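Chemist: Structure incoming, see below.
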Amino acid sequence: MANEEDAASIRPPEPVTIVVVRCKNLKGSKGDSLNSLVRLEFGTNLLGESPKVEANTETHSTEYNFNASFDCTFEDATFLDSIAYKPVIVTVVEVLPKDKKGKEEKINILGQSCIDLLPLLHGETKFSVTQYVHPVTVPTEPATTEHILPEIEVQVSVAQPLLTETQLHNSNLLSVHLDSAFSVPDSWQIQMAQQFNYTASLPVPISTEKESTIVLSNGLLRAPGEKETTNHRKWSAAPSASGSCLYITDSNIEILPFEDEDGDLRDREDIVFRQEAMNEKNHVTWNTERRCFLSAEAAESLQNKIAQNRYWPLEIMRTPIQQATKTKGKQGSLEEDIPISFHGVAYVNMAPLLYPGVKRIRGAYLVKPFIENEVFDKTKRKGTLAEEAARIASGMSRTLASAMAQKAPPPSKQGKADAKTKPSGAVLKPDVLAEGEGNEAKNLEGQQYLESRTFITLEFVLDKPLVPKRPPSSLARKVAEYIPPRPVFARKTGGSKKAVEDFHGQLTTVANSLLEEFRQMYGDDLLKGSLPQSNDAMDQRRQKFLYELNTSGKYFAFKEQLKNSVIKIVREKYLNTTAFTDKEKLQAFLSELYVFLIDQMHVALNKFLTAEEAPEEPPPVTDSATLKHFAREAEVNQNFELAAKYYQERLSRNKNDPDHWFDYGAFCLLIGDFGKAEECFKETVAIAQKHVPGLLMHGCMSLMNEKYEEAETFLEAATCAESKNVIAWTMLGLYYDSIQNDIGAERAFLEANRLNAATSSSSELIAPVDVPAEVEDSVSETIADEPAGEGAPGTAVSEDQKLPEVHVDDALREEPGSASGETTAQPSAPPTAALPPSVVISSATPVGKLGVKPQTQSTTQMTSKQSSRVPSPAGSNRQSPPPTETDPVAPAEEKSAEVKPNDSIFLQVAAFLLEVNALQLTDAALAHELVAANGEPGARYYVLLGRLKIQQKSFIGAEENLKQAVMLKHQNPDAWGLMGHLYYLTSRTEEAQDCYERTLAYTTEASDMHAIYLRLASIYLEKGEFDKAKTTFLKACIRSPSCVSWLGVGIACYRLEDLAEAEDALSEANILNNKDAEVWAYLSLVCLQTGRQLEAEQSYKYALKLNLQDKNLLGEIHQLQQKVGFGNPMVA
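Written as structure tokens, this is what we have:
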């Protein structure tokens, strides 16, 4: 019963009708009179010949109106496939008149044309084409106006579409483009090229269980530099066609950059080898296109097989050309045993076809000897396609030879099915792995592929992607569903205050209009000074002015202009929205309203007529970047309350800036408030739906909360918002790797590596920045003992970046560059990889008491199958200005420009995650870097790992990592700087001082110079070396002035008894932060020393009010107060 139902459900054959309408510009071999016919063939099947038709000499056209048809059967899944890759061959044959002795008419083939039936698979039921009729031999010269090619008009139709709407939507079309094989074995000589056929074959699924063998034969061995006459590809199955008819009109060979390919040979050294092989060695050319129709079942099977094993075998072989014979017995014997030589295989990585939205892969793939053991290990496929492919190729070559001999196919073959469409049983063959050793020994010819490094260029193109990609509009809608965007501008404020302000504005407008009217009437007299000022004259002018307003209608217009604002006042201030029923209440209200309006009129006119300009408000001392810098300082001092105050002040100044919310969210991550951090990142995305860091961090928070679908949406939206962002692609790859999506991870890492390599190759030259002369002079006067080799750094203010800076003083510091003489293998730390928030100190903080909130996540040795790495990584792909190096001794013109290389993609992500305090995800990035480096990472890896350990308070592990970084790159200022911070945090001040001084001695500056200056200066203060402390604090002030740096200068000057400079420095610190108790305490000491009682008492009061914690400093103040006899109001 089941078989009967299946048979009943199979669609009956659909006739495909081909109508040859006419042919124009045909020219015969003898004179103007021309008798011709057309022959139609589909594959090896002869569809029919038209009757002999005489050409019209006047219109130069031949009307054939001949139709033929064949049945498209749906029982065999391969018939639709044959329509995709087989054309209908139209052959125009001239019928010559009989000679005197001839018994039969002679024929002469005038030309051929191939009709593409692909529109039938696109759902069309009828189409018409007009094509050239090409001669059967390729012309040596292009056609000119004197040799116009004939044109033939053909119509193709079916009664019903071959595919239903559902089938059309679910089916696909795979086009295999085989171009050439280069660097072929030296034994392939041009002299023997005509004796062999070069064939490639590969399997393509036609159903869940069956596969069809795709054969691309008739490769031509060519000499170096020899190319095709055209850039069009050929039909893969047009056995009776020859000449230019073999070329597909709409299929051109595109030349793409090697870097954009997906094959095996993409590195720089491989590109050089490819260019040499293409220009200097023999090569085999196919330039063939083979289309494969994939039903829904076949497309799903292809997708599943690629997912199970990404490598697809493409077998290559050489066979002798079998000549066409007349004896069937000999021909049969030839088909039975065809010798195969140089049997090789290329492994094509088809995984990119499973990337969302990808429809095409192209590349150069190395050819290796065919050894069944290796093929099975690589592709999990048994057996070989060589024998079947050789038989098919042999049959095609014999058919082609027959066509070239101008012989029609025998009638016995017209109904024979094409052998090429027969499904292959290669994948169903029994296991033959036991013979692997024998195969390896026999395939000595295949070893020549390895010696020659033979590679083949091919391309796979899909009509529709196997995995659809979500369009950016869909992602944007999805993001908006999770986080609805909110308007940037606040709602308009209403109420009585706004109504009165609108009334004032309207009065001002009317007053301006009245003044303009008065100037038009009396302006000339006013300018001449002849305007009388007597009471009668003034009264007369007033009456005339009012008369003019009333007669012109302007009085009514002004009244209407004020009406709307008066109505608002009635509604908003007096809350009257209905008509009065009591006349007394109405009169009372009108009297009250009149008085109020007159008063407000006087107020508005007084403001309008007042010539005095309001004084401009001075700009705030601290801008947004400075507040961020102060907040970072408070963070690293573990004064989280003060840091929160600075972040909240930034938000109060501008709540519509997404960067303010993003920075506050990173701070919340630092203090462990993950809920508030997520809300901040939500607010960031709500304000700016394409804010890339906000999208990335919200995706990370979703991943931490195991909201995988939401995480994928936001991370993918980040790549759409900024398609060339290396960090966004890498983080998307890390997400896919965490959910075991190997294909997605590979795709994201490949894209990130490609972008990173492109950024590295187009690195901008870094221009040096010089220190201003006036700043240099002011510093040189105060420097007593400067460390050897250290120049005063320049000043620069970096702009706000899309990806925030890592270093604490990111808003104001100058970013250091690499020394031009640096030749070490690993790049120096870029601006993205600066010190964690544990580096800036306050003089009130005891040495060794600093640290950050410990994190629970530790670095684990993860492994990833999909980790990839750029062969020559260079610096971080950041959007901040390139780092610069300054040298006050040498003039700027004499400094050479430098190029900063890129870090690997995982190091860039690790730096970004450390910077936003996402320590839990930094482990994954560093683990991928370890795998990508094959267990031998560079110094940059150990620097970031040590920095992570410091933030996690794992000081022993951090010291080991930093020592490893120094071993790999001794002149690494970032490693020495971090090691100094490590020793400082563990109270080993002597070792910390040595590391800091070594860092400052290098010509290449570290990424966190401001923090190094502050900590080194604080060590000098504790050791009593006040001159060095003063000099070092001044350098910190030049880089990025802050309350902490100016406080250090003030303390050093006070200890040096330079009270005037101490007071100036402390005043600068007080301007930047007037709520620092230590600043007020030292100001009190200075005032006590200079005998200013009132100021000393006021400063002392503020120090106590702000809760001064330094007991030693408080005791010093009390001793000095007792000594001078004033300064403490409580004692007096």
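Counting from 7, one number per residue, gives the positions in the sequence shown under this note's numbering.
Beta carbons are placed, not taken as given, at the ideal position from N, Cα and C, and that holds for glycine.
Every value quoted in this text rests on a predicted model; they were computed, and no experiment measured them.
Taking its Cβ as the centre, do 16 or more other Cβ atoms sit within 10 Å of Thr427, making it buried, or is it exposed?
Modeler: For Thr427, the pLDDT reaches just 37, beneath the cut-off of 50, and the residue's location in the model is therefore unreliable, although a value from the coordinates is still provided. Buried: at least 16 other Cβ atoms inside 10 Å.
Chemist: Which residues does DSSP list as the beta-bridge partners of His140?
Modeler: Gln118
Chemist: Counting only the same chain and skipping the five closest in sequence on each side, list residues whose C-beta sits under 8 Å from that of Leu603.
Modeler: Cβ neighbours of Leu603 within its own chain (closer than 8 Å, five residues either side excluded): Phe509, Val572 and Ile575.
Chemist: Tell me, please, whether the region 263-274 touches the region 43-56 by the rule of three or more beta-carbon pairs shorter than 8 Å.
Modeler: no
Chemist: At which residues does the beta strand (DSSP E) containing Met323 begin and terminate?
Modeler: Tyr317 to Pro326
Chemist: Are Pro167 and Thr131 touching if we call contact CB-CB under 7 Å?
Modeler: yes
Chemist: What residues in its chain sit with their C-beta under 8 Å from that of Ala244, if we drop five residues either side in the sequence?
Modeler: Lys92, Pro93, Ile95, Cys120, Cys251 and Leu252
Chemist: Going along the chain, which residues of its own chain have a beta-carbon closer than 7 Å to the beta-carbon of Leu43, five neighbours each way excluded?
Modeler: Glu55, Ser56, Pro57, Lys58, Val59, Val99 and Val101
Chemist: Could you say which of Arg1061, Val354, Leu1062 and Gly1054 lies nearest to Glu1074 if we only look at CA atoms?
Modeler: Gly1054
Chemist: Would you say Leu596 touches the ligand NAD, meaning its beta carbon is less than 6 Å from a heavy atom?
Modeler: Because no ligand of any kind appears in the structure shown, any question about the ligand NAD cannot be addressed here.
Chemist: Going by DSSP in three states, Leu740 sits in which element: helix, strand or coil?
Modeler: helix
Chemist: Throw me the rounded Cβ distance for the Leu359 and Leu472 pair, which I believe falls under 8 Å.
Modeler: 6 Å
Chemist: Take Tyr990 and list the residues in its own chain whose beta-carbon comes closer than 6 Å to its own, dropping the five residues that flank it on each side.
Modeler: Ala998 and Arg1021
Chemist: Taking just the CA atoms, how far does Lys388 sit from Leu913?
Modeler: 42 Å
Chemist: Looking only at DSSP bridge pairs, what is Phe299 linked to?
Modeler: Leu179
Chemist: Per DSSP, what are the beta-bridge partners of Arg753 in this structure?
Modeler: Answer is none; Arg753 lacks a bridge partner.
Chemist: For Pro230, is the classification buried or exposed, using 16 other Cβ atoms within 10 angstroms of its Cβ as the cut-off for buried?
Modeler: exposed
Chemist: Return the residue from the list Leu1089, Arg1045, Pro943 and Gln593 that minimises the CA-CA distance to Arg1061.
Modeler: It is Leu1089.
Chemist: Counting along the chain, where does the beta strand (DSSP E) carrying Trp1052 start and finish?
Modeler: Element bounds for Trp1052: not the beta strand (DSSP E) but the alpha helix (DSSP H), Cys1049 to Arg1061.
Chemist: Assuming contact is defined by CB atoms lying nearer than 7 Å, are Ala352 and Val373 in contact in what I supplied?
Modeler: yes
Chemist: What residue does the beta strand (DSSP E) around Pro209 start on, and which one ends it?
Modeler: Phe202 to Pro211
Chemist: By the 10 Å Cβ neighbour count, where 16 or more other Cβ atoms means buried, how is Ile1025 classified, buried or exposed?
Modeler: buried
Chemist: Does the distance from the CB of Tyr204 to the CB of Arg296 come in under 7 Å?
Modeler: no
Chemist: Among the candidates Lys475, Glu523 and Phe76, whose CA atom is the shortest distance from the CA of Arg547?
Modeler: Glu523
Chemist: Roughly how many angstroms separate the alpha carbons of Glu1101 and Leu633, rounded to a whole number?
Modeler: 28 Å
Chemist: When DSSP labels each residue in this structure, what does Lys216 get in the three-state scheme?
Modeler: coil
Chemist: What residues in its chain sit with their C-beta under 7 Å from that of Cys1093, if we drop five residues either side in the sequence?
Modeler: In its chain, beyond the 5 residues on either side, Glu1101, Ala1102 and Ser1105 have a beta carbon closer than 7 Å to the beta carbon of Cys1093.
Chemist: What do you get for Leu4, buried or exposed, if any count of 16 or more other CB atoms within 10 angstroms of its CB means buried?
Modeler: Here the chain covers residues 7 to 1138 and nothing more, so residue 4 does not appear.
Chemist: Measuring CA to CA, which of Glu966, Ala945 and Asp256 is closest to Gln977?
Modeler: Ala945
Chemist: To the nearest angstrom, how far is the alpha carbon of Thr587 from that of Asp605?
Modeler: 27 Å
Chemist: With 16 as the cutoff for other CB atoms within 10 Å, does Asn315 come out buried or exposed?
Modeler: exposed
Chemist: Taking Gly1056 as the reference, give the member of Glu1067, Pro209 and Ala486 with the closest Cα.
Modeler: Glu1067
Chemist: Count the other C-beta atoms from every protein chain shown that fall within 10 angstroms of the C-beta of Gln644, then say buried if there are 16 or more, exposed otherwise.
Modeler: buried
Chemist: Specify the secondary structure class of Leu40 as computed by DSSP and reduced to three states.
Modeler: Three-state result, Leu40: coil.
Chemist: Does the region 458-477 come into contact with the region 175-187, if we say contact requires no fewer than three beta-carbon pairs (one atom in each stretch) closer than 8 Å?
Modeler: yes
Chemist: Give the single residue among Ser134, Tyr138 and Val162 whose Cα lies nearest to the Cα of Glu20.
Modeler: It is Val162 whose Cα lies nearest to the Cα of Glu20.
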